[in-house]
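Chains as they are written, first to last, in the working numbering: chain A, 19 to 152; chain B, 19 to 152; chain C, 19 to 152. Ideal placement from N, C-alpha and C gives every residue a C-beta, glycine not left out. Predicted model, so just to flag it, every value in this text is computed and none were measured.
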């Protein structure tokens with residue numbers, strides 16, 4: 019099974035929890051053992067597995083990435099003024115592949131799947147979800 | 019085939035080579051061509067492919083991550099005092115997917131699979147290993 | 019289907035676009051829906067999805083990684099003088115797994131697949147490409 023998730027991202031930089039939507043696709047697929055690949059299109063966003071107990075870690079991710087990849091100092095800024103967004107996306111990466119165990123994703127209690135927006139707001143970020151049985 | 023690896027991590031920050039355990043599962047699966055996904059549960063650990071000639075690169079990984087992600091300066095520290103561990107885990111990522119070539123992992127001579135512990139010691143880190151044939 | 023790509027890397031640090039070669043293997047496989055895993059052997063190179071409108075982002079990636087992972091200050095330098103290359107490879111990671119949608123990779127317009135060389139020049143970097151149908 020392969021389906022896409024579409025979400026809007028109101029923040030310029032922000033993390034958006036998509037765990038529930040991915041889990042629904044895994045459940046619908048009926049696959050009991052396998053893998054699910056979660057892949058975001060666009061070269062200024064990423065996918066990160068992270069805790070979602072409250073918003074503190076999400077805020078810390080944005081703070082860390084701004085510190086090590088500041089805006090406004092990149093060659094690419096001459097084109098689009100979003101060199102930092104491309105670099106953040108490249109370091110975080112566009113995908114994670116997650117095991118399916120007993121029909122559910124093999125996430126632990128504090129692991130959630132986040133779309134990381136680095137160049138928002140965007141009205142329609144598209145994430146491809148591909149389920150494969152083993 | 020899907021199996022879990024369980025290891026204890028005596029260090030607060032440390033890399034632990036799990037290549038041999040993953041290779042044993044690939045071998046047991048009988049898959050000749052495909053992929054193996056190696057995924058660590060828990061939001062304060064990661065999986066990294068790295069050299070294991072001696073311990074120097076492992077030490078350097080810990081040094082680098084402490085330099086760019088220092089402890090004690092994150093919002094999440096108000097909850098658990100382990101904000102740095104979550105950020106390191108998010109940047110390194112919880113998984114790698116590795117090709118299976120002629121019944122073995124397609125690692126080169128100097129590529130080994132490491133569990134990266136960022137919030138130890140832990141008595142039982144669980145890594146899911148999922149093998150898929152193509 | 020599983021095939022390897024071989025490329026030479028004239029730069030010490032450089033990004034090399036391999037999208038066309040990977041797409042050719044996906045096309046040859048005949049798989050319409052699935053995943054393709056792109057994995058580079060060697061512990062001093064990585065795979066990154068990134069924009070290829072011009073060379074600016076590629077240059078910025080090299081600049082960023084040299085800033086946060088400078089050469090010459092690592093324990094491993096006593097062995098091979100390439101500690102920075104190993105650390106860059108570990109952070110970027112050796113692989114990406116990309117969905118196959120309607121017989122083509124599910125990349126967006128500005129997403130290209132790059133081999134990242136961190137310890138060149140090398141005459142023969144080997145990248146394994148593994149296609150799996152779902």
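When DSSP labels each residue in this structure, what does residue i get in the three-state scheme?
{"i": "residue 32 of chain C", "result": "strand"}
{"i": "residue 122 of chain B", "result": "strand"}
{"i": "residue 148 of chain B", "result": "strand"}
{"i": "residue 68 of chain A", "result": "strand"}
{"i": "residue 76 of chain B", "result": "helix"}
{"i": "residue 41 of chain A", "result": "helix"}
{"i": "residue 110 of chain C", "result": "helix"}
{"i": "residue 52 of chain A", "result": "strand"}
{"i": "residue 63 of chain C", "result": "strand"}
{"i": "residue 81 of chain C", "result": "helix"}
{"i": "residue 93 of chain A", "result": "coil"}
{"i": "residue 87 of chain C", "result": "coil"}
Verify whether the separation of the beta carbon atoms of residue i and residue j is less than 8 Å.
{"i": "residue 147 of chain A", "j": "residue 20 of chain A", "result": "yes"}
{"i": "residue 134 of chain B", "j": "residue 63 of chain B", "result": "yes"}
{"i": "residue 152 of chain B", "j": "residue 115 of chain A", "result": "no"}
{"i": "residue 43 of chain A", "j": "residue 149 of chain A", "result": "yes"}
{"i": "residue 109 of chain C", "j": "residue 31 of chain C", "result": "no"}
{"i": "residue 82 of chain C", "j": "residue 87 of chain A", "result": "yes"}
{"i": "residue 48 of chain C", "j": "residue 111 of chain B", "result": "no"}
To which residues of the same chain is residue i closer than 7 Å at the C-beta, ignoring the five residues directly before and after it?
{"i": "residue 140 of chain A", "result": "26, 27"}
{"i": "residue 120 of chain C", "result": "50"}
{"i": "residue 142 of chain C", "result": "24, 26"}
{"i": "residue 39 of chain A", "result": "23"}
Going by beta carbon distance, what residues of the same chain come within less than 6 Å of residue i, once the five residues before and after it are set aside?
{"i": "residue 37 of chain B", "result": "130, 131"}
{"i": "residue 70 of chain B", "result": "35, 130"}
{"i": "residue 92 of chain B", "result": "101"}
{"i": "residue 144 of chain A", "result": "22, 24, 59"}
{"i": "residue 138 of chain A", "result": "27, 29, 30"}
{"i": "residue 52 of chain B", "result": "118, 150, 151, 152"}
{"i": "residue 89 of chain B", "result": "102"}
Determine the chain E residues that contact residue i at a beta-carbon separation under 7 Å, and present them in chain order.
{"i": "residue 117 of chain C", "result": "The chain labelled as chain E is not found among the protein chains of the depicted structure, namely A, B and C."}
Tell me which residues share the same chain as residue i and place their Cβ nearer than 8 Å to its Cβ, disregarding the 5 neighbours each side in the sequence.
{"i": "residue 41 of chain B", "result": "122, 123"}
{"i": "residue 94 of chain C", "result": "100, 101, 104"}
{"i": "residue 45 of chain A", "result": "121, 122"}
{"i": "residue 97 of chain B", "result": "none"}
{"i": "residue 159 of chain C", "result": "An answer regarding residue 159 of chain C cannot be provided, because it is not within the stretch 19 to 152 covered by chain C."}
Please confirm whether any heavy atom of the ligand SAM lies closer than 7 Å to the CB of residue i.
{"i": "residue 23 of chain A", "result": "Questions concerning the ligand SAM fall outside what the structure shown contains, since it holds no ligand whatsoever."}
Can you confirm whether the region 59–79 of chain B touches the region 121–138 of chain A when touching is taken to mean that 3 or more C-beta pairs between the two stretches lie within less than 8 Å? Because the criterion of three Cβ pairs below 8 Å is met, the region 121–138 of chain A and the region 59–79 of chain B touch.
Please list the residues of the region 120–151 of chain B that have a C-beta atom closer than 9 Å to any C-beta atom in chain A, keeping them in chain order. Residues of the region 120–151 of chain B whose Cβ lies closer than 9 Å to any Cβ of chain A, in chain order: 144, 146, 147, 148, 149, 150, 151.
With three or more C-beta pairs closer than 8 Å as the rule, is the region 103–121 of chain C touching the region 65–83 of chain B? Touching, yes, given that three or more Cβ pairs across the two stretches are closer than 8 Å.
At a Cβ cut of 8 Å, what residues of the region 93–110 of chain A count as close to chain C, listed as they run along the chain? Contact annotation: in the region 93–110 of chain A, residues whose CB is within less than 8 Å of a CB in chain C are 93, 94, 96, 97, 101, 104, 105, 107, 108, 109.
Please identify, using Cβ separations under 8 Å, the residues of the region 57–76 of chain B that lie next to chain A, in order along the chain. If the cut-off is 8 Å between Cβ atoms, the region 57–76 of chain B has 57, 59, 60, 61 near chain A.
Tell me which residues of the region 24–49 of chain B have at least one Cβ-Cβ distance to chain C shorter than 7 Å, keeping chain order. Against chain C - using a Cβ distance shorter than 7 Å - the region 24–49 of chain B contributes no residues.
Which residues of the region 77–90 of chain B have a Cβ closer than 7 Å to any Cβ of chain C? Give them in chain order. Closer than 7 Å at the C-beta level to chain C, one finds these residues of the region 77–90 of chain B: 77, 78, 79, 82, 86.
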